[in-house]
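In my numbering, the protein residues as written are 171 to 325.
Glycine residues also receive a C-beta, built at the ideal position from the N, C-alpha and C atoms.
Predicted model, so just to flag it, every value in this text is computed and none were measured.
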(Lines of atoms letter the chains of each structure in order from A; the text may use other names.)
(Lines give C-alpha, C1' and ligand atoms only; values in the text may rest on other atoms or scores of the structure.)
Protein backbone atom coordinates (compact mmCIF):
# COMPACT_ATOMS: atom_id res chain seq x y z
CA UNK A 171 0.00 0.00 0.00
CA UNK A 172 1.27 3.47 -0.89
CA UNK A 173 1.85 5.78 2.04
CA UNK A 174 -0.32 8.90 2.06
CA UNK A 175 1.12 12.29 1.18
CA UNK A 176 0.78 15.44 3.26
CA UNK A 177 -2.08 17.59 2.01
CA UNK A 178 -2.44 21.35 1.74
CA UNK A 179 -4.86 21.60 4.67
CA UNK A 180 -2.45 19.68 6.91
CA UNK A 181 0.68 21.67 6.13
CA UNK A 182 -0.05 25.18 4.82
CA UNK A 183 -0.27 27.07 8.13
CA UNK A 184 2.95 25.54 9.47
CA UNK A 185 4.74 26.23 6.19
CA UNK A 186 3.75 29.92 6.40
CA UNK A 187 4.96 30.04 10.03
CA UNK A 188 8.29 28.62 8.82
CA UNK A 189 8.65 31.34 6.17
CA UNK A 190 7.44 29.46 3.07
CA UNK A 191 4.71 30.41 0.60
CA UNK A 192 2.54 27.32 0.04
CA UNK A 193 0.10 26.93 -2.81
CA UNK A 194 -2.41 24.17 -3.58
CA UNK A 195 -1.57 21.80 -6.43
CA UNK A 196 -3.76 19.49 -8.46
CA UNK A 197 -3.40 15.89 -7.26
CA UNK A 198 -0.79 13.87 -9.17
CA UNK A 199 0.23 16.99 -11.09
CA UNK A 200 2.82 19.72 -10.79
CA UNK A 201 0.54 22.66 -11.57
CA UNK A 202 -1.05 25.08 -9.11
CA UNK A 203 -4.83 24.99 -8.85
CA UNK A 204 -5.22 28.72 -8.26
CA UNK A 205 -4.98 31.26 -11.03
CA UNK A 206 -2.54 34.16 -10.83
CA UNK A 207 -0.56 32.36 -8.10
CA UNK A 208 2.52 34.47 -8.75
CA UNK A 209 0.63 37.53 -7.52
CA UNK A 210 -1.20 36.01 -4.52
CA UNK A 211 -0.11 37.04 -0.99
CA UNK A 212 0.77 33.50 0.08
CA UNK A 213 2.49 34.70 3.26
CA UNK A 214 -0.78 36.21 4.51
CA UNK A 215 -2.50 33.89 7.04
CA UNK A 216 -5.96 35.09 5.92
CA UNK A 217 -5.23 34.16 2.30
CA UNK A 218 -3.91 30.77 3.41
CA UNK A 219 -6.98 30.22 5.62
CA UNK A 220 -9.23 30.81 2.58
CA UNK A 221 -7.12 28.47 0.42
CA UNK A 222 -7.23 25.75 3.09
CA UNK A 223 -11.03 25.97 3.18
CA UNK A 224 -11.21 25.65 -0.61
CA UNK A 225 -8.38 23.16 -1.26
CA UNK A 226 -7.65 21.23 1.95
CA UNK A 227 -7.10 17.90 0.11
CA UNK A 228 -4.83 19.35 -2.58
CA UNK A 229 -1.15 18.66 -3.04
CA UNK A 230 1.35 21.22 -1.77
CA UNK A 231 3.62 23.44 -3.82
CA UNK A 232 6.04 26.08 -2.58
CA UNK A 233 6.43 29.37 -4.43
CA UNK A 234 10.02 30.25 -5.15
CA UNK A 235 11.53 33.69 -4.67
CA UNK A 236 12.97 33.78 -1.17
CA UNK A 237 13.04 30.02 -1.60
CA UNK A 238 15.54 28.92 -4.23
CA UNK A 239 15.47 25.34 -5.48
CA UNK A 240 18.27 23.55 -7.27
CA UNK A 241 16.33 20.98 -9.30
CA UNK A 242 18.63 18.15 -10.39
CA UNK A 243 16.54 16.49 -13.07
CA UNK A 244 19.05 13.76 -13.95
CA UNK A 245 18.16 10.02 -13.92
CA UNK A 246 21.75 8.74 -14.02
CA UNK A 247 22.67 8.06 -10.34
CA UNK A 248 26.38 8.85 -10.73
CA UNK A 249 25.73 12.10 -12.61
CA UNK A 250 23.00 13.18 -10.17
CA UNK A 251 25.32 12.53 -7.21
CA UNK A 252 28.20 14.40 -8.88
CA UNK A 253 25.97 17.44 -9.49
CA UNK A 254 24.82 17.37 -5.86
CA UNK A 255 28.46 17.24 -4.70
CA UNK A 256 29.28 20.28 -6.85
CA UNK A 257 26.24 22.12 -5.49
CA UNK A 258 27.36 21.46 -1.92
CA UNK A 259 30.87 22.64 -2.75
CA UNK A 260 29.68 25.92 -4.29
CA UNK A 261 26.39 26.64 -2.46
CA UNK A 262 26.77 24.80 0.83
CA UNK A 263 24.79 21.81 2.00
CA UNK A 264 21.02 21.82 2.23
CA UNK A 265 19.24 19.95 4.98
CA UNK A 266 16.10 20.02 2.84
CA UNK A 267 16.21 17.58 -0.07
CA UNK A 268 13.05 16.45 -1.87
CA UNK A 269 13.03 13.30 -3.97
CA UNK A 270 10.28 12.53 -6.44
CA UNK A 271 11.65 10.09 -9.00
CA UNK A 272 15.04 9.03 -7.61
CA UNK A 273 17.82 9.84 -8.20
CA UNK A 274 16.29 13.13 -9.35
CA UNK A 275 16.30 15.56 -6.45
CA UNK A 276 15.58 19.11 -5.38
CA UNK A 277 17.82 20.97 -2.93
CA UNK A 278 16.15 23.87 -1.11
CA UNK A 279 17.96 27.07 -0.15
CA UNK A 280 17.07 30.57 1.10
CA UNK A 281 17.92 33.39 -1.29
CA UNK A 282 20.56 35.88 -0.23
CA UNK A 283 20.69 38.99 -2.35
CA UNK A 284 18.49 40.28 -5.14
CA UNK A 285 15.63 38.42 -6.76
CA UNK A 286 16.24 36.70 -10.09
CA UNK A 287 14.24 34.56 -12.53
CA UNK A 288 14.60 30.83 -13.13
CA UNK A 289 17.84 29.67 -14.74
CA UNK A 290 18.47 26.36 -16.50
CA UNK A 291 21.19 24.41 -18.22
CA UNK A 292 20.47 23.26 -21.75
CA UNK A 293 18.51 20.00 -21.80
CA UNK A 294 20.74 17.06 -22.71
CA UNK A 295 20.09 13.38 -23.33
CA UNK A 296 21.68 11.03 -20.80
CA UNK A 297 20.70 7.36 -20.58
CA UNK A 298 18.03 8.05 -23.23
CA UNK A 299 16.26 10.54 -20.95
CA UNK A 300 16.25 14.31 -20.61
CA UNK A 301 18.89 15.60 -18.20
CA UNK A 302 18.78 19.18 -16.97
CA UNK A 303 19.58 21.26 -13.92
CA UNK A 304 17.36 24.22 -13.07
CA UNK A 305 17.54 26.92 -10.45
CA UNK A 306 13.92 27.65 -9.59
CA UNK A 307 13.52 31.26 -8.45
CA UNK A 308 11.06 34.16 -8.92
CA UNK A 309 8.06 33.12 -10.99
CA UNK A 310 8.60 29.41 -10.27
CA UNK A 311 7.20 26.89 -7.84
CA UNK A 312 8.17 23.41 -6.71
CA UNK A 313 6.16 20.39 -5.64
CA UNK A 314 6.66 19.76 -1.92
CA UNK A 315 4.01 17.11 -1.19
CA UNK A 316 1.86 15.34 -3.75
CA UNK A 317 1.59 12.15 -5.77
CA UNK A 318 4.31 11.98 -8.42
CA UNK A 319 2.64 11.95 -11.87
CA UNK A 320 5.10 9.37 -13.28
CA UNK A 321 5.68 7.02 -10.33
CA UNK A 322 2.24 7.24 -8.70
CA UNK A 323 3.97 7.43 -5.30
CA UNK A 324 4.19 10.32 -2.84
CA UNK A 325 7.01 12.85 -3.19
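query                                                                                                    : result
Buried versus exposed, by CB contacts within 10 Å (16 or more), residue 216                              : exposed
Residues near residue 271 by beta carbon distance below 8 Å, same chain, minus five either side          : 245, 318, 320, 321
Candidates 295, 212, 203, 314: closest to residue 187 by CA position                                     : 212
Touching by the beta-carbon criterion (3+ pairs, under 8 Å), the stretch 223-241 and the stretch 300-317 : yes
Run of the alpha helix (DSSP H) containing residue 300, from where it starts to where it stops           : Here residue 300 belongs to no alpha helix (DSSP H); instead the beta strand (DSSP E) covers 299-306.
Beta-carbon proximity check, residue 175 vs residue 192, cutoff 8 Å                                      : no
Exposure label - residue 264; buried when at least 16 CB within 10 Å                                     : buried
Residue 353 vs residue 237 beta-carbon contact at 8 Å                                                    : Here the chain has residues from 171 to 325 only, and residue 353 is not among them.
Presumed contact (8 Å Cβ cut-off) between residue 196 and residue 203, rounded CB distance               : 6 Å
Span separating the alpha-carbon of residue 180 from that of residue 207                                 : 20 Å
Cβ-based neighbour list, residue 201, same chain, cut-off 8 Å, excluding 5 preceding and 5 following     : 195
Three-state class that DSSP yields for residue 116 in the structure shown                                : Nothing about residue 116 can be read from this structure; the chain reaches only from 171 to 325.
Boundaries of the beta strand (DSSP E) in which residue 184 is found, first to last residue              : Here residue 184 belongs to no beta strand (DSSP E); instead the alpha helix (DSSP H) covers 178-187.
Residue 266 beta carbon less than 8 Å from that of residue 288                                           : no
Length at least 4, wholly inside the stretch 185-239: the alpha helix (DSSP H) runs in chain order       : 215-225
Boundaries (first-last residue) of the beta strand (DSSP E) holding residue 267                          : 267-269
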